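Each number in the working numbering comes from the position in the sequence shown (counting from 1) with 17 added on.
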Amino acid sequence: MERKLTCIICPLGCDLTVQVEDKKVLDVQGHTCPRGKKYAESECTNPQRTITSTVKCNDGSLVSVKTDKPIPKEKMIECMEAINNAVATLPVSIGDVIIEDVFGSNIVATQNKK
Ligand code: SF4
């Protein structure tokens with residue numbers, strides 16, 4: 018089976034053509050650097066995503082957060098439910114863990130907030 022992808026690793030957005038059989042990548046064409054080939058292989062066998070969002074704080078404001086490593090794409094909705102149900106206690110500093118171990122990733126603050 019042939020899959021057409023756009024590489025999302027850098028702004029160049031190379032068009033990738035991937036030959037896949039039984040969830041095995043046989044060939045990748047169209048990448049202009051090794052990162053594109055790695056992305057295509059990951060996307061066709063075990064797609065991952067980094068989540069960015071906001072968490073409610075105990076004063077009613079919001080603090081921006083992200084996963085500290087990519088999580089399986091199929092777990093994105095469950096990850097967002099965990100983020101939506103969380104409440105961060107102020108003060109918060111960049112890198113503070115707001116939620117531990119959500120599908121192998123911590124949800125960490127990406128801004129300072131007093
Ligand atoms: S293949 Fe390389 S150059 Fe092309 S979009 Fe991906 S990372 Fe960028």
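Glycine is no exception: its CB is placed at the ideal position from the N, C-alpha and C atoms.
On a predicted model such as this, the values are computed, not experimentally measured, just so you know.
- When the Cα atoms are used, Glu98 and Val72 turn out to be separated by approximately 11 Å.
- Beta bridge pairing from DSSP links Asp32 with Thr23.
- Looking at Ile94, Ser81, Pro28 and Val35, the one whose alpha-carbon comes closest to that of Ile111 is Ser81.
- Annotated three-state conformation of Ile115 is strand, per DSSP.
- In this structure, the beta-carbon distance from Val45 to Asn75 does not fall below 7 Å.
- When the five nearest sequence neighbours on each side are left out, the beta carbons in the same chain lying within less than 7 Å of the beta carbon of Pro108 are those of Lys130 and Lys131, in order along the chain.
- Here the alpha carbons of Ser59 and Met18 stand approximately 16 Å from one another.
- Closest in alpha carbon position to Pro28, among Thr62, Arg52 and Val42, is Arg52.
- In the three-state reduction of the DSSP assignment, Asn101 falls in the helix class.
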